[in-house]
Every structure is written in structure tokens, then in C-alpha cells.
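The structure appears below as C-alpha cells.
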Amino acid sequence: MGCCRSRNHHAADEARTTSRLSRSSSKESRNIVKFDEEDICQARGSERPSIDRDSNSNVECLVLEMLDAIRKLTESIEEPPPCLKRLHEIAETENGWLDIVLACVKMIPLENDLGPAVISILLEECSLAPKDTMYSLLSYLGLTSEETSNSPETKISNTSTAQRNIAIVLGRLAEKLAGHQSVWLMREEVLQFLLSKLTLKEHPSVVLFSIITLEKFAKTNENKEKIKSTKISEQLVKLEKTWLNSHNVVEHQAGFCAQWCLDNSFPLKDRPYSYENSNLDGINAMLNVNDVSTYLKISPHGLEARSDACSFESVRSTYSVTSGTWYYEVILLTSGIMQIGWATKESKFLSHEGYGIGDDCHSIAFDGCRQLLWFEAESHPVSCTKWKPDDVLGMLLNIEEDKVVFYLNGEAIERYFPAKDRGAFFAAASFMSFQHCKFNFGAEPFK
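The opening position of the sequence shown corresponds to residue 1 in UniProt numbering, with each subsequent residue numbered one higher.
And the structure:
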């Protein structure tokens, strides 16, 4: 049950006949934690109160509260979190949207595992600001030809944290805007800001999200051609060569995304595609590129997966088992929300509805971020430490004994799981935004 973010496109009259919360107590809809604007308005009463704009410090506190609230959006809930409702109110006031975005840039910590997802969620939940407000944002961030005259308190510091968060904000806006609006947003100052971060001297997290944002801008053809006219491919090649095999998990992610962009968005002349040079010797199972949701990124050797989409992306492996005892391992490169385990072909990938592994009777999954086991769309708390980057997660399935065992760094979490007569099982996983891990199906010694 992933915290995916997606807009509800049902007609208004149909929506009024259904539960106003897109997450309800029914298993058919409870996997979504997207709240529509009307949901939030109804939750605070039919008469919208007249409010004064909150101080910047209060907005900043509410943004930090969202970091904790997102971990709790897994159970049946009656209404959106109070901090989200309040931020939605503030966003509708004069300058409120701008205050929220600047608070995200300033306050979301670099090291928080869910920080990037929280920025995406808040920008998704709040109505898109008019163009003049977005221009004011760019001016505050120094991304226009002229900056606004503002007080020292509202100036954004030139830290790695702020730079990383700015890149995330720009990437989410690039996704929400289309066509000419996206071209307007990717003005020369924005493009040069992002390109200037593609160096080994920058913090790897700043580099990572700058790459991701450039990729999102490139989904508009005019932007793509403009980006390709720069030296971005040469910059990405340097990052790929230096960081792709790095033991630093963030550097590796940046190297992976550099390689992905070179293969899919910004190819370099005479550079072969990565899959052409991949050594698959000894690999008998991998992630299945033909059994994956739309936006999941899979490495050329099929043993690595990453999601940068605002949806809950899933994948199954190429090899299935129907009897016996089987085991595989995952090395975590990020520590956010993922559901990793086992699934049959009957388990459906409904990314934008929030369905993933563990959200039906045909799969079971472990989520060490929220410390939950998932089966039949029900979450079951487990006693374990929260997972973190570089942790090793082992998945054992004993079909004859109807049990699964998840090992987090060797610590066993066992559960009854009626696997017999359910069909063939595949290793499988679902990923929230900006999550990434490596899989080992036995090609290398288990840890």
C-alpha cells in the first residue's frame, strides 16, 4: 500500500457518489493516500474560514510535521493529516503557496529518507500557483535575470540542502506543467542552474536530483532539444564513469541516473547503449523488463531498480517457483517506502491507484521504512529497526511449510503465508518516489 501521488480524474458527479476520500476502508480503494481538494475542504467544514496568513515559522513547522505524517498514511484513515489540511488552507491565501514552497526548500533535511517525497506530495496536494507567483518563486531562488527585493530572513541559503530541494521543486513543477508552460519554466537561468550542478564537486544528492529534474523537463520536446544542445551528455558521461560503481550509495544513484539519461534521454554520439556492454554471465534470474509498471527504471543487467515517478511502481523477476524453499537478497540504496517480497502473476500493478506488492492475496511484502508486513492490503506492524541505506534484506519463501521469513541484516521476521496452490511465485517489489535498490538472485554470494 504505497503513498503514491496521483490526480483523481473522475467526473465531479461520479466523485460525489463515492467516498470523498480516495482512500477508504474498502480494499478496492484503500491503497491510495491522495486527497482531493474537496476532501480537504469538507474535512474542515462546509464554510471555509477566513484566516490570516501564518507566519513563516509556523509554515516551516507544518512542513516538518509532514515528514512524520507521511509514515502514518498506511492505515484506514478518516481524514487527511491536520498538517496537510492546514498547509492546504495556507496555500489558498495570498502568498501562501510561495511560503510553503520556500519552507520546503529551507527546512526539508538533506538526510531525511522521505524528504524528497514530502516535497512532491505538498506540491501535488496544493493547487498550482499562477505564473506570476511562480515567477516570484524563481526570483527568490535567484533563477531569474532580476531578483526581488526581499528581507534577509526570506533569502534562501546557498547550502547543499537548499540546492537539492530547489532541484526537487523544479522537477515536480516540470511534471505538473505541460507544453509552453514547461518551456516557460525552464528559462535559461533554470537550465544553467541545473547544468552547473552536474559536477563531481557538488554534493552527490544535489547532482542526483539535478539529473532527475533535467530528465523531467526533457519530457517536453522543445525543452529536450534545448537541453541536448548543451554539453549535458559529456557531463553525464563523467558522472557515469566516476560514480556508477561507487560504494557511496548517493554517488551510485547519481551514476545510475546519469547512465539512464545517456541511454534514454540525452544520448552521446558513438557511445554504445549500456545493455550492449553488460556482462550477464552467471545471471540466471533478473528483473523482468516485460513485467514491470510504466515508469520504473531497470539497470542494463536487470539487477537494479529505481523509481523517480509520483506513483507506486512495481516489478516481478523473470524466474518463478512453485515448490521448495527459495531465497534472494536486496541491498538498499535508499531507505524510504518500498514493499519487497513475493508475488504471483495474479498480483496486479496499479501504480496510480496505489496497488503494489502485498496489496492483494497473491503477494506478500515487507516495508522496513514503515516497519510493516503487507498481505491482502492489510498492514501488520513488526518489531524491527527502520531500514537504512546499505542494509541487506533477505526474502525466504518456504512453500511446503506455508511461511515467509524476512531478514533485515540477519534479524528474522517470520510469518505464516498460505503459499501452496496459489500458483508460481516471483521475487517482486514496489517503489515509492525516489527509491532504489539492488537485487541478488544468486549471481553473487549472499551476505
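Heads up, the beta-carbon is just placed ideally off N, CA and C, and yes, glycines get one too.
From the DSSP output, in three-state form, read off residue i for me.
i, result
"His436", "strand"
"Asn233", "For the record, residue 233 in the displayed sequence is Ser; it is not Asn. Ser233: helix per DSSP, three-state reduction."
"Leu21", "Residue confidence is low: Leu21 scores 30 on pLDDT, short of 50, so the model does not pin down where it sits. No coordinate-derived value is stated."
"Glu175", "helix"
"Phe406", "strand"
"Ser430", "strand"
"Glu414", "strand"
"Ile298", "strand"
"Glu146", "coil"
"Gly442", "coil"
"Glu215", "helix"
"Thr385", "coil"
"Ile227", "helix"
"Asp281", "coil"
"Glu400", "coil"
"Thr220", "coil"
"Lys131", "helix"
"Leu137", "helix"
With residue i and residue j assumed to form a contact (beta carbons below 8 Å), what rounded beta-carbon distance in angstroms separates them?
i, j, result
"Leu332", "Pro389", "6 Å"
"Asn288", "Arg316", "6 Å"
"Ala343", "Phe406", "So it is not a contact: roughly 14 Å between Cβ atoms."
"Ile90", "Leu122", "About 11 Å separates the two Cβ atoms, so there is no contact after all."
"Glu175", "Lys216", "5 Å"
"Lys197", "Ser182", "About 19 Å separates the two Cβ atoms, so there is no contact after all."
"Arg370", "Arg172", "Actually they are not in contact, since the Cβ atoms of Arg370 and Arg172 sit about 23 Å apart, beyond 8 Å."
"Ala305", "Ala429", "7 Å"
"Ile364", "Gly358", "6 Å"
"Ile119", "Val190", "With 8 Å as the limit, Ile119 and Val190 do not qualify as a contact, their Cβ atoms being about 17 Å apart."
"Ile232", "Leu200", "At roughly 15 Å, the Cβ-Cβ gap does not stay under 8 Å, so Ile232 and Leu200 are not in contact."
"Phe193", "Val330", "That pair is no contact at about 35 Å."
"Leu98", "Thr133", "6 Å"
"Asn223", "Met186", "5 Å"
Looking only at DSSP bridge pairs, what is residue i linked to?
i, result
"Lys447", "None; Lys447 has no bridge partner."
"Ser307", "Gln435"
"His380", "Leu373"
"Ser317", "Leu287"
"Gly394", "Glu329 and Tyr407"
"Val292", "Val315"
"Phe425", "Val321"
Enumerate in chain order the residues of its own chain whose CB-to-CB distance from residue i is below 8 Å, with the five nearest sequence positions on each side excluded.
i, result
"Ser50", "Confidence at Ser50 is low in this model, with a pLDDT of 39, below 50, so its placement is unreliable and the value that follows should be read with caution. Excluding residues within five positions, none has a Cβ falling inside 8 Å."
"Asn284", "Tyr319, Phe441, Gly442 and Ala443"
"Val206", "Ser160, Gln163, Arg164, Ala167 and Lys197"
"Asp87", "Note that residue 87 is Leu in the sequence shown here, rather than Asp. Closer than 8 Å at the Cβ level, and outside the excluded window around Leu87, lie Val59, Leu62, Val63, Met66, Ile100, Leu122, Glu125 and Cys126."
"Leu303", "Ile283, Met286, Leu287, Lys438, Phe439, Asn440, Phe441 and Ala443"
Spatial neighbours of residue i within its chain, please: C-beta separation below 6 Å, excluding the five flanking residues on both sides.
i, result
"Glu313", "Ser293, Tyr295, Leu296, Ser307, Ser351 and Phe431"
"Ser127", "none"
"Asp360", "Ser347"
"Leu396", "Tyr327 and Val405"
"Gln435", "Ser307, Thr334, Gly336 and Met338"
"Gly423", "Thr344"
"Leu236", "Ala258, Cys261 and Leu262"
With 7 Å as the threshold, decide whether the Cβ of residue i is near any Cβ in chain B.
i, result
"Leu73", "No chain B is present in this structure, which holds just one protein chain."
Please go through the same chain and pick out, in chain order, the residues whose beta-carbon is closer than 7 Å to the beta-carbon of residue i, but skip the five residues on each side of it.
i, result
"Gln259", "Glu240, Leu244 and Ser274"
"Met107", "Glu60, Val63 and Leu64"
"Pro109", "Gly115 and Thr161"
"Ser246", "His252 and Gly255"
"Asp367", "Ile337, Met338, Gln339 and Trp374"
"Val392", "Glu329, Ile331, Asn409 and Lys447"
"Pro445", "none"
Just to confirm the assignment: which complete beta strand (DSSP E) runs, minimum length 3, are found wholly within the stretch 57 to 128? none
Ignoring anything shorter than 3 residues or poking outside the stretch 330 to 378, list the beta strand (DSSP E) runs there in chain order. 338 to 343, 363 to 367 and 372 to 375
Scan the stretch 159 to 211 and note each continuous alpha helix (DSSP H) run of 4 residues or more that stays entirely inside, going in chain order. 160 to 176, 180 to 185 and 188 to 196
Start-end ranges of the beta strand (DSSP E) lying completely within the stretch 229 to 279, minimum 3 residues: none
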